[in-house]
Amino acid sequence: MANSPKRSTPTWHDLAQPSTGKQARWAGGLNRTRWIPCGKEWDAVAITPMDRGLDVLAALRIGPRRGALVLADHLRGTLYVMVEPGSGDVLAGLPGVRVLSSGSELLMPATHDDSTAVADLISYPRGGEPPALIPADRLAQTLRGLPADTPEKAPVS
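Per our numbering: the sequence shown = residues 581 to 737.
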């Protein structure tokens, strides 16, 4: 019996790299986005630079296929990680981190296939399941443990 090659699970950093097919869809401009209010189903934690956010997800050992809701903004270099609504207070004051809660909106793809360069879902729930939200306290603890490499001026959104 021959051994079949084992497929490896892509890493967070792999998933954040736009494929040529995805870039071609973006160039076509046919993808739809919509503004989603934060603070109802989830709060969005914006982490800049994006690589820092990806490093945090890897350090948390949360698999990219678990169904977490994670969005990349490739133009601003920001990663958005969704946490329980109202739980983002533990992230206040961390360098390169901003919490979007009630009163804020986040640009999201209309479907997981409708990603754009500023709203690219790199992880999302499948099969109608609710998103697996990242625990804000674990996210904050891990962010505190990583060296802060923030730009002089954070991008405005």
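Glycine included, each C-beta is placed from N, C-alpha and C at the ideal position.
Since the structure is predicted, the reported quantities are computational estimates derived from the model, not experimental observations.
Start-to-end residues for the beta strand (DSSP E) that takes in residue i
{"i": "Thr658", "result": "Thr658 to Val663"}
{"i": "Arg614", "result": "Thr613 to Pro617"}
{"i": "Ala624", "result": "Asp623 to Ile627"}
{"i": "Asp653", "result": "Val650 to Asp653"}
{"i": "Asp700", "result": "Asp700 to Ser703"}
Minimum C-alpha distance to residue i - residue among the options
{"i": "Ala697", "options": "Arg645, Leu637, Leu659 and Ile714", "result": "Leu659"}
{"i": "Pro675", "options": "Glu709, Val625 and Asp653", "result": "Val625"}
{"i": "Asp694", "options": "Gly647, Arg646 and Leu651", "result": "Leu651"}
{"i": "Arg756", "options": "Met630, Ala672, Pro644 and Gly666", "result": "No answer is possible for residue 756: the residues shown for the chain start at 581 and end at 737."}
{"i": "Lys620", "options": "Thr628, Ser703, Gly668 and Pro598", "result": "Gly668"}
{"i": "Thr628", "options": "Arg678, Arg706 and Gly708", "result": "Arg678"}
{"i": "His654", "options": "Ser682, Gly673, Ser599 and Ile642", "result": "Ser599"}
{"i": "Glu709", "options": "Ser682, Arg646 and Arg724", "result": "Arg646"}
Endpoints, the alpha helix (DSSP H) within which residue i is located
{"i": "Arg646", "result": "Segment: none, Arg646 is in no alpha helix (DSSP H) and carries neither H nor E."}
{"i": "Val636", "result": "Met630 to Ala639"}
{"i": "Leu723", "result": "Ala716 to Gly725"}
{"i": "Arg605", "result": "Thr600 to Gly608"}
{"i": "Leu595", "result": "Trp592 to Ala596"}
Chain-order list of residues whose beta-carbon lies under 8 angstroms from that of residue i (same chain, five-residue window excluded)
{"i": "Glu685", "result": "Trp615, Ile616, Pro617 and Cys618"}
{"i": "His692", "result": "Leu701 and Tyr704"}
{"i": "Leu726", "result": "Arg632, Asp635, Val636 and Ala639"}
{"i": "Met543", "result": "Nothing about residue 543 can be reported from this structure: the residues present for the chain run from 581 to 737 only."}
Same chain, Cβ closer than 7 angstroms to residue i, neighbours up to 5 away in sequence not counted
{"i": "Leu634", "result": "Trp592, His593, Ala596 and Leu659"}
{"i": "Arg718", "result": "Leu640"}
{"i": "Arg605", "result": "Asn611"}
{"i": "Ile642", "result": "Ala648 and Ile714"}
{"i": "Leu680", "result": "Cys618, Asp623, Ala624, Ala626 and Leu686"}
Own chain residues within Cβ distance below 6 angstroms of residue i, not counting five before or after
{"i": "Met581", "result": "Since pLDDT at Met581 reaches only 49, below the 50 mark, its modelled position is unreliable, and the value read off the structure follows with that caveat. Result list for Met581: empty, nothing under 6 angstroms."}
- Query: Does the stretch 659-672 touch the stretch 704-718, meaning 3 or more C-beta pairs lie closer than 8 angstroms?
  - Reply: yes
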